[in-house]
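Asker:
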Amino acid sequence: MSFRRAGLCGGGSGAEGELDNAYSLSRPPGHHCLPDQSMGFCFLANIPIAVERAKAQLGLGKVAIIDWDVHHGNGTQHIYLQRDDVMTISLHQDGCFPPGYAGEDDRGVGAGEGYNINIPLLAGAGMTAGAMRWKLSLFRRWRVLSREIIIACGYDANAMDPLARMQLHSDSFRAMTEQVQQAADRLCGGKLVMVHEGGYAESYVPFCGPAVMEALSGIRTEVRDPLLEFIQQQQPRATFAQFQRRHRSAGAAVWPAIVAHAHVDP
């Protein structure tokens, strides 16, 4: 049953054109699962299984997988490290999981060089819409446009999560969803699939998830986040944000190689 669910985790309906977008509430998560080994609460690689099914049965072409789970998407990276038909981008807390891993120097191997991007962020910084825009700037220059964008939608970068040290709130997830929707509109006719990944704060994921689905559907509900103002007041000071930008800029030094190998406009 888990394998069947993994193969049906939203990619098919989006690829067939039945839906403008889709959200797969799939459990357990999958982005840590290696080709030959389960890992990190992940029994099967849900997104790669769905992608390969859509490629085999529907002729799906180029795909971009954006992973904003707070932990590095090591399983997805490993599966597609040597391929150029799937671009993988992971935005994660530096050194959180796998322990000590950042990944900014891992850019793909062979044909896949330039199609794997890691953007580690410092603990406490959060993943803001600004960081999302910085990451999505690559897509705006990508000549070979994706037919579909898939988001590994983890919620464990929220400020209440026990397995990370980030500062997201529900409006952060809303803003990031709006950013990828805009990218999908520009690049692939609005095709966007979001697949549920991690998130371990039982008290707060129920407010972050609806924010994403509200943005995805364009429908506002009556759900109100009681912790939003509190977490907004806990955001890092401007000096920390400046330090984080310098940290990201240092990692961006690898981008000329990515641009050269991924066939994007300079």
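With UniProt numbering, letter number 185 in the sequence shown gets 185, and the count goes up by one each step, no holes.
Each residue gets a CB set at the ideal place from its N, CA and C atoms; glycine is no exception.
1. State the Cα-Cα distance for the pair P236 and G198, rounded to the nearest angstrom.
2. What is the DSSP secondary structure of A102, counted as helix, strand or coil?
3. Can you list, in chain order, the residues of its chain with a C-beta nearer than 7 Å to that of D20? Leave out the 5 residues immediately preceding and following it.
4. Just curious, the beta strand (DSSP E) that S26 is in, first and last residue?
5. Let's test the definition: count the other Cβ atoms within 10 Å of the Cβ of S217 and tell me whether it reaches 16, buried, or not, exposed.
6. Reducing DSSP to helix, strand and coil, say where V212 ends up.
7. Quick check on DSSP: helix, strand or coil for I89?
8. Taking the alpha-carbon positions, what's the R246 to C96 distance?
9. Once the 5 residues before and after P210 are set aside, which same chain residues still bring their CB inside 7 Å of it?
10. With three or more beta-carbon pairs closer than 8 Å as the criterion, would you say the region 59-69 touches the region 78-90?
11. Beta strand (DSSP E) containing L121: first to last residue?
Answerer: In terms of the structure at hand:
1. 23 Å
2. coil
3. G190
4. In this chain, S26 is not harboured by any beta strand (DSSP E), its DSSP state being neither H nor E.
5. exposed
6. helix
7. strand
8. 20 Å
9. T221, V223
10. Yes: the two stretches touch, three or more of their Cβ pairs being nearer than 8 Å.
11. Here the beta strand (DSSP E) through L121 covers 116-121.
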